[in-house]
Amino acid sequence: MSIKHGLLALLRAEAKYGYQLRAEFEAATGSTWPLNIGQVYTTLTRLERDGLVEAATGDGGDGRSMYEITDAGRAELVSWFETPVTREARPRDELAIKLALALAVPGVDVAAVVQRQRMATMQSLQELTRLKRVSADGGISWLLVIESMIFAAEAEIRWLDHCEAMLSRQHKPKPGQQKAAQQIRSDRHQTDAGAKR
Amino acid sequence: MTTTILDIRNLTRVHGSGEQAVHALRGVDLSVGSGELVAVMGPSGSGKSTLLTCAGGLDQPSGGEVIVDGNDLTTLSRNAVAALRRRRIGYVFQDFNLIPALTAAENVSLPLELDGMRARAARKYAEAALGEVAIPELADRFPDDMSGGQRQRVAIARAIVGERRLLLADEPTGALDSDTGEAVLQLLRDRCDQHGIAGVLVTHDARHAAWADRVVYLRDGVLVGQSGPLPEADVLLETH
Ligand SMILES: Nc1ncnc2c1ncn2[C@@H]1O[C@H](COP(=O)(O)OP(=O)(O)OP(=O)(O)O)[C@@H](O)[C@H]1O
Ligand SMILES: [Mg+2]
Numbered sequence: 001m002s003i004k005h006g007l008l009a010l011l012r013a014e015a016k017y018g019y020q021l022r023a024e025f026e027a028a029t030g031s032t033w034p035l036n037i038g039q040v041y042t043t044l045t046r047l048e049r050d051g052l053v054e055a056a057t058g059d060g061g062d063g064r065s066m067y068e069i070t071d072a073g074r075a076e077l078v079s080w081f082e083t084p085v086t087r088e089a090r091p092r093d094e095l096a097i098k099l100a101l102a103l104a105v106p107g108v109d110v111a112a113v114v115q116r117q118r119m120a121t122m123q124s125l126q127e128l129t130r131l132k133r134v135s136a137d138g139g140i141s142w143l144l145v146i147e148s149m150i151f152a153a154e155a156e157i158r159w160l161d162h163c164e165a166m167l168s169r170q171h172k173p174k175p176g177q178q179k180a181a182q183q184i185r186s187d188r189h190q191t192d193a194g195a196k197r
Numbered sequence: 001m002t003t004t005i006l007d008i009r010n011l012t013r014v015h016g017s018g019e020q021a022v023h024a025l026r027g028v029d030l031s032v033g034s035g036e037l038v039a040v041m042g043p044s045g046s047g048k049s050t051l052l053t054c055a056g057g058l059d060q061p062s063g064g065e066v067i068v069d070g071n072d073l074t075t076l077s078r079n080a081v082a083a084l085r086r087r088r089i090g091y092v093f094q095d096f097n098l099i100p101a102l103t104a105a106e107n108v109s110l111p112l113e114l115d116g117m118r119a120r121a122a123r124k125y126a127e128a129a130l131g132e133v134a135i136p137e138l139a140d141r142f143p144d145d146m147s148g149g150q151r152q153r154v155a156i157a158r159a160i161v162g163e164r165r166l167l168l169a170d171e172p173t174g175a176l177d178s179d180t181g182e183a184v185l186q187l188l189r190d191r192c193d194q195h196g197i198a199g200v201l202v203t204h205d206a207r208h209a210a211w212a213d214r215v216v217y218l219r220d221g222v223l224v225g226q227s228g229p230l231p232e233a234d235v236l237l238e239t240h
């Protein structure tokens, strides 16, 4: 998703000022995606350069002009709505990379990294759920955005559970490997078993 | 200041002994205040159900204290624990645990009648509780003639009927679809918010746990993580 397409969508019906676009963008996404006015104007400038919007008549008082969508802009918008978002188009997943590196670099307590992340993600899931509760009678488009973030957070937690299960299978100590088992501090069962022997 | 309803201190529970001993809980501390909902998560076998049954007086701890509404369950007689359970503690199970031969209203009023309340008065309380879980029209229906979500509502009504202070729910949404589960969470949440009940919820579902004020994570009988509490407006006010 880009701010670019968001602004085009908001311009579809009528010409608008930059500050209007900012307010409407935030209203549509329930302020979950705050934009500053500078981002709005740089995006509009780029859109204008690419011929997707053009300055319309009217003056916002601050010397800024109104923008309206061009035919090319409309075509761009239609194709955006018609094209599914591909996973590859999203930014790389920093968490997956962090875990991969934690495994590759010696001396990192991977289980602790997973546990910390789990509680942090849980915390944001709680905050999102509270946001959903207090805005139960808010607009549907903003509830959709919150739900999307809730699903993403939930998926991340399930993925962390999965990683943890994979790691603990991988690290099950074979006889004579107590030392290795003791390094996995969080795995108390295994540490206890090692100590008993 | 909210009052502490459930105070668990250094709780241990060992099943069996010697070679076979299973350390289900190894020194758990948890306290839950009035109006607070706490979710317990953790892998299978980590001790979640054991924690809940000990908190509800259904299981005897091996060590530590379980204080409910000012009473230490570990020092009370069996009868006293049973009475406290009928009056102050509500328990919701994954499989609802309703008595098939009794109607919804009879299931809900059972703990009150067992506690010596007259049938007519108990029925009134039962109807109020069924109203609060939004199924007043099902009072005279039998559990077998209800959907899973409706049965779970009856089970919750039974757990909140009368003047309960502590609501314990072990995977109450486990047998329900996601939306029905969400509605059950909404219900538990409202009980805590509006009636000052302290709630403890065991769940595998992060989406459901997120309704809680606080989420604690159990692993191998030890609490290894906690998220929340969320800063609430009234909590901020209380500090002034
Ligand atoms: N009556 C019993 N006798 C022996 N061991 C028991 C008994 N009850 C529970 N345990 C053991 O205690 C440990 C904790 O069990 P518990 O039922 O509390 O786990 P749980 O976290 O609720 O798991 P799940 O998510 O699968 O419900 C497990 O290892 C279990 O096998
Ligand atoms: Mg269990």
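From first to last, the protein sequence lines are chains A and B.
If you're matching positions, the first sequence starts at 1 in full-length UniProt numbering and goes up one per residue.
If you're matching positions, the second sequence starts at 1 in full-length UniProt numbering and goes up one per residue.
All C-beta atoms in this analysis are idealised placements derived from N, C-alpha and C, irrespective of residue type, glycine included.
This structure is a prediction, so every number in the text was calculated from the model and none was measured.
According to DSSP, residues forming a beta bridge with H15 (chain B): B:V22
Cβ-based burial, D205 (chain B) [other Cβ within 10 Å; buried from 16]: buried
Beta-carbon separation of L10 (chain A) and F25 (chain A) under 8 Å? yes
If we cut at 8 Å on Cβ distances, does I150 (chain A) have a partner in chain B? yes
CA-to-CA distance, L58 (chain B) to S49 (chain B), given in whole angstroms: 11 Å
Residue nearest to L138 (chain B) in terms of C-alpha spacing, selected from B:T12, B:D177, B:V154: B:V154
Using only alpha-carbon positions, find the residue among B:L176, B:E171, B:Q20, B:Y125 that is nearest to M146 (chain B). B:L176
Does the region 104-118 of chain A come close enough to the region 130-137 of chain A that 3 or more CB-CB pairs lie under 8 Å? no
Around the C-beta of R13 (chain B), are 16 or more other C-beta atoms found within 10 angstroms, so that it is buried, or is it exposed? buried
Tell me, which residues are paired with S31 (chain B) by DSSP? B:D7
Using beta carbons (cut-off 8 Å, strictly below), is R207 (chain B) in contact with chain A? yes
What does Q226 (chain B) touch in chain A if you count any residue whose Cβ is under 8 Å from its own? M119
Return the chain-ordered list of same chain residues with a C-beta closer than 6 Å to the C-beta of V216 (chain B), the five sequence neighbours on each side being excluded. V40, L223, Q226
Residues of chain A with CB under 9 Å from Y217 (chain B), in chain order? Q115, R118, M119, M122
Nearest-angstrom beta carbon gap, G64 (chain B) and I89 (chain B) [assumed within contact, 8 Å]: The Cβ separation is near 18 Å, so there is no contact.
Quick check on D72 (chain B): buried or exposed, where buried means 16 or more other Cβ atoms within 10 Å of its Cβ? exposed
Ends of the beta strand (DSSP E) at R219 (chain B)? 214-219
Can you name, in chain order, every residue of its own chain whose Cβ lies under 6 Å from the Cβ of A134 (chain B), other than the five neighbours on each side? none
Less than 8 Å between the C-beta atoms of A198 (chain B) and L166 (chain B), yes or no? yes
If you run the structure through DSSP and keep just helix, strand and coil, what is Y17 (chain A)? coil
Since A112 (chain A) is in the alpha helix (DSSP H), which residue starts that stretch and which ends it? 110-134
Minimum C-alpha distance to S141 (chain A) - residue among A:S124, A:A27, A:D50, A:S168: A:A27
Could you give the first and the last residue of the continuous beta strand (DSSP E) run that contains S2 (chain A)? Looking at the DSSP string, S2 (chain A) is not in any beta strand (DSSP E), and its letter there is neither H nor E.
From the DSSP output, in three-state form, read off Q60 (chain B) for me. coil
Any beta carbon from chain B within less than 8 Å of G176 (chain A)'s own beta carbon? In this predicted model, G176 (chain A) has a pLDDT of only 44, less than 50, meaning its place in the structure is not dependable; the value taken from the coordinates is given anyway. Chain B contact via Cβ: absent.
Taking 7 Å as the cut-off, is the beta-carbon of D220 (chain B) closer than that to any non-hydrogen atom of ligand 3? Questions concerning ligand 3 fall outside what the structure shown contains, since the ligands it does hold are ligand 1 and ligand 2.
Could one say the Cβ of Q126 (chain A) lies closer than 8 Å to chain B's Cβ atoms, at least one of them? yes
I'd like the span of the alpha helix (DSSP H) that includes L37 (chain B), first residue to last. No alpha helix (DSSP H) holds L37 (chain B); the beta strand (DSSP E) holding it covers 37-41.
Based on DSSP bridge pairs, tell me the residues matched to G199 (chain B). B:L37, B:L167
Alpha carbon to alpha carbon, what distance is there between M66 (chain A) and Y19 (chain A)? 10 Å
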